[in-house]
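When we follow the working numbering, the leftmost residue of the sequence shown carries the number 203, and every step to the right adds one. Each remark here refers to the structure printed beneath this line.
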Amino acid sequence: MARYNTGPFDSDTAQDLLELYAELTQDERLDNLRAVFLGGPRHPDGPFEPVDNTEVVAGAALVARALPGGARIDEIPQMGFDEEVAAAAVTAPGDDLIQLALDAIRAVAADDAWFTTRLGPSDSARSRQTVAVIAGVLADHRATSG
């Protein structure tokens, strides 16, 4: 059974993404993130599989962490995967990737079914707050960069 909680890296799916990114180069991570935000494929050499919104949340959090103000992501209560997140970190995401991340995380924010089916009602509000913080970091950067 899959494990979920309210932080951006608090799921088995997000953990799989972090493990994959730890094995990729920076350029491969950025390319894969682009694919995740556009809908797939999940793995660079794998078959096309639909992207899960938990991957979008984790990927957008990785992009947001690389930006000024990205430390807000680390303030979100989560289960604590500091080493895994550090190993999967991205650096210098371009404006196009930041915009893709923002568009993708806004689509997650609009998906009420995702919040209500993956978590119980009490955690749904905290999960929405997680998505809002990530979207806020990305939007703030886009507003100040152009």
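All residues carry an ideal CB built from backbone N, CA and C; glycine is no exception.
Residue 288 and residue 314 have their C-alpha atoms some 30 Å from each other.
Bounds of the alpha helix (DSSP H) holding residue 256 are 255-267. Spatial neighbours of residue 256 in its own chain (CB-CB distance under 6 Å, excluding positions within 5 residues in sequence) are listed in chain order as 213, 215 and 216. Residue environment: residue 240 is assigned as exposed (fewer than 16 neighbouring CB atoms within 10 Å of its CB, all protein chains considered). Judged by their CB atoms, residue 238 and residue 307 are not nearer to each other than the 8 Å cut-off.
The C-beta distance from residue 269 to residue 304 rounds to 11 Å, too long to fall under 8 Å, and the pair is not in contact. Contact between residue 299 and residue 265 holds: their C-beta atoms lie close to 6 Å from each other, under 8 Å. Residue burial is scored here from C-beta neighbours: residue 210 has at least 16 other C-beta atoms within 10 angstroms and is therefore classed as buried. In this structure residue 346 does not touch residue 208 by the C-beta definition: roughly 28 Å separates them, more than the 8 Å allowed.
In this structure, the alpha-carbon of residue 234 lies about 19 Å from that of residue 336.
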